[in-house]
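For the sequence shown, position 40 matches number 421 in our numbering, and the numbering has no gaps at all. One structure below.
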Amino acid sequence: MQDSERSLISGGRVFTGDPDRPWAEAVAVEANRIVFVGDAAEAEQAAGAGARRIDAQGGLVLPGFIDGHAHLVMTGAGLLKAQLRDAPDLGEIQRRIGDWAEAHPDATRVLGRGWVHAAIPGGEPTRAMLDAVVPDRPAYIESYDYHSCWANSAALAELGIDRDTPDPVGGRIVRDPDTGEATGYLLETVVTERIWPLLNRVSDEETDRHLAAALKTYAESGVTSIVEMALEESALRAMLRAAEAGQLTARVVAHAIIHRTGEAASELAQVEAATRLTQAHRGDHLRVAGIKLISDGTIDGCTAALTEPYTNGQNADPIWDSESLDRVVVAADKAGLQIAIHAIGDKAIRSALDALEHAAQVNGTSGLRHRIEHLEYADPQDIERLGKLGVTASMQPIHADPGFLSNWAAMLGEQRAEQGFAWPLYLEAGATLAFGTDSPTASHEALTNMFVAASRKSPADASIPAHRPDWALPLADAFLHGTRESARAAFLEHTTGMLRPGFAADLVILDGDPIAEGPDSLLKAKVRLTLMNGEITHSD
Ligand SMILES: [Zn+2]
């Protein structure tokens with residue numbers, strides 16, 4: 382008779398992530414907890430004769446991956462849109478959008494995502510390019526980084542944007558230099574404050590479908606915990622419904638997005654609302670940890686704030702000026718909220734650190750493990766400040782895929798581009814380095830992310846020269862930053878991220894052993910099984 386409460390995982394090498402015992406032969410699980418990690422014979426005993434046996438078949442067993450920065454419902458929604466990330470040129474982008482429109486004749490809007498600036502002539506799309514394939518209804522085509530959106534004429538009409546619409550705080554409506562008309566290329570807060578609310582206004586059933594699609598694809602890629610980095614109320618309600626139904630197959634730690642309105646009262650009111658959410662949702666499975674602020678844009682869109690201009694002469698200021706950032710950061714820190722600040726350019730990174738340092742001076746050191754998200758191009762002196770201030774570096778190896786860096790590098794110029802994604806410097810500075818994917822801005826696949834972390838090469842094309850290969854991490858270290866260190870960044874380090882007795886039974890089994898075979902083997906590796914809180918959420 383099988384004792385369904387107990388499981389024995391053996392037959393492969395076990396990489397535990399536990400500094401006290403990095404390697405083992407087997408893991409015994411009882412209900413949702415790990416009860417033993419060690420040699421095979423003792424694990425056998427610990428599990429007992431009736432245990433369910435899970436044979437790793439020579440594959441690597443490791444802690445479930447923790448996506449340290451992701452957008453769960455958006456990932457699910459994105460799966461249903463026209464997919465443009467790997468479309469190499471405008472013709473192919475138009476063809477795919479046209480195909481999607483034809484396949485969805487009843488959709489009120491045509492939706493696509495993932496275009497890269499390098500694929501558009503001049504890097505800036507226009508509504509005419511889109512009107513050519515979607516003349517009849519609004520089309521919203523999000524860039525790969527979701528910081529800009531490409532709208533056709535019908536979409537601009539739906540948004541009520543014309544030549545007289547002023548740019549909102551922190552956003553830009555690109556205009557034709559000759560006619561002054563909006564071109565259809567919309568950036569930053571135009572996207573987050575006007576387009577997202579419109580596109581996110583879907584039924585609960587649809588939000589549930591998006592969440593379920595994301596959870597399924599995450600389980601298949603071996604992810605057992607996710608840090609949700611732009612929580613909206615509708616997504617939270619969907620997560621609560623999924624948890625209630627026993628279908629939340631990943632642990633979620635969430636940061637509520639604080640929208641930049643330019644008005645102190647409404648910005649502080651959002652912090653108060655987030656505080657209530659953190660008090661109401663503090664479970665082991667679903668927790669609201671704090672807030673997320675978007676302090677600049679992206680290097681591709683020339684909206685990341687740099688201390689020196691881009692090579693094309695453009696630049697951007699941080700979306701939050703220092704006064705407004707200080708106000709919100711001090712209030713949130715005082716309320717005990719964990720703060721995550723999106724900052725990609727060196728100027729935005731410096732201003733984020735200034736605000737966090739200021740909050741520590743005003744409120745005292747909080748121990749709240751505030752975080753900066755992305756950190757693509759930082760001044761080395763500021764990198765040292767992260768360590769000193771105890772600020773987590775939340776970074777996304779997949780964003781360093783050299784296959785997508787040509788426009789990024791051209792905008793920064795060679796010297797600055799060489800200093801991008803400086804993971805080892807954050808480690809030297811003593812900062813916690815948490816890895817995530819920022820899905821859906823890039824693939825959610827944990828193994829692909831680990832490949833870039835350990836090689837700095839492109840998963841799609843190994844012939845593209847690696848970006849700073851000297852900054853690739855040993856693969857075992859990459860795994861730690863995608864598991865244990867991401868757990869630490871999210872205050873999950875006593876729950877998950879390691880295989881250790883007493884911890885949650887969150888683990889994955891791969892079909893090979895990439896630590897033995899080398900990072901290239903990750904490109905064909907498969908996740909054979911995902912166990913989350915003792916339950917099998919994926920097996921092939
Ligand atoms: Zn993000």
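Glycine included, each C-beta is placed from N, C-alpha and C at the ideal position. Predicted, not measured: the structure shown is a model, and the values here were computed from it.
- Restricting attention to beta strand (DSSP E) runs no shorter than 3 residues, the segment 717-774 encloses them at 719-724 and 752-755, ordered along the chain.
- In this structure, the C-beta of aspartate 782 stays at least 6 Å away from each heavy atom of ligand 1.
- Nearest in C-alpha terms to leucine 891, of all of Gly457, Lys907 and Pro783, is Lys907.
- Taken atom to atom, the span from the alpha-carbon of alanine 740 to that of valine 711 is near 5 Å.
- Between glycine 817 and glutamine 777, the gap from beta carbon to beta carbon is short of 7 Å.
- Between the alpha carbons of alanine 810 and leucine 786 lies a distance of about 26 Å.
- Between aspartate 470 and alanine 500, the C-beta spacing is below 7 Å.
- Between ligand 1 and the CB of methionine 831, the shortest heavy atom gap is not smaller than 6 Å.
- By a beta-carbon distance limit of 8 Å, threonine 813 does not contact aspartate 526. Their separation comes to about 24 Å.
- In this structure, the straight-line span from the alpha carbon of arginine 663 to that of leucine 873 is close to 12 Å.
- Relative to ligand 1, the nearest heavy atom lies less than 6 Å away from the CB of aspartate 819.
- As a beta-bridge residue in DSSP terms, proline 444 pairs with Leu888.
- Rounded to the nearest angstrom, the gap between the Cα atoms of valine 652 and alanine 713 is 6 Å.
- The Cβ-Cβ distance between alanine 685 and aspartate 698 does not fall below 7 Å.
- Under the Cβ criterion (8 Å, minimum of three pairs), the segment 835-842 does not count as touching the segment 880-890.
- The C-alpha of arginine 668 is placed about 14 Å away from the C-alpha of alanine 619.
- Taking 7 Å as the cut-off, the Cβ atoms of glutamate 505 and tyrosine 566 count as close.
- In the structure shown, lysine 905 falls within a coil segment according to DSSP collapsed to helix, strand and coil.
- In the DSSP assignment, phenylalanine 832 falls within the alpha helix (DSSP H) that extends over 827-836.
- Taking each of Leu856, Gly393 and Ala827 in turn and checking the Cα distance to serine 836, the smallest one comes out for Leu856.
- With a cutoff of 7 Å on beta-carbon distance, alanine 815 and glutamate 765 are scored as not near each other.
- Of Ile725, Ile478, Gly643 and Ser820, the smallest CA-CA separation from aspartate 760 is found for Ile725.
- Relative to ligand 1, the beta carbon of methionine 455 is positioned no closer than 6 Å to any heavy atom.
- Assignment of alpha helix (DSSP H) within the segment 791-870, counting only whole runs of 4 or more residues, yields 795-798, 804-809, 827-836, 856-862 and 865-870 in chain order.
- The three-state reading of DSSP puts glutamine 464 in strand, counting E and B together.
- For arginine 575, the number of other beta carbons within 10 angstroms of its own is at least 16, and it is reported as buried.
- Annotated as distal: serine 824 and threonine 456, with beta-carbon spacing of 7 Å or more.
- One thing to note: valine 833 has its Cβ no nearer than 7 Å to the Cβ of isoleucine 753.
- Lysine 462 is a Cβ neighbour of arginine 494, given a cutoff of 7 Å.
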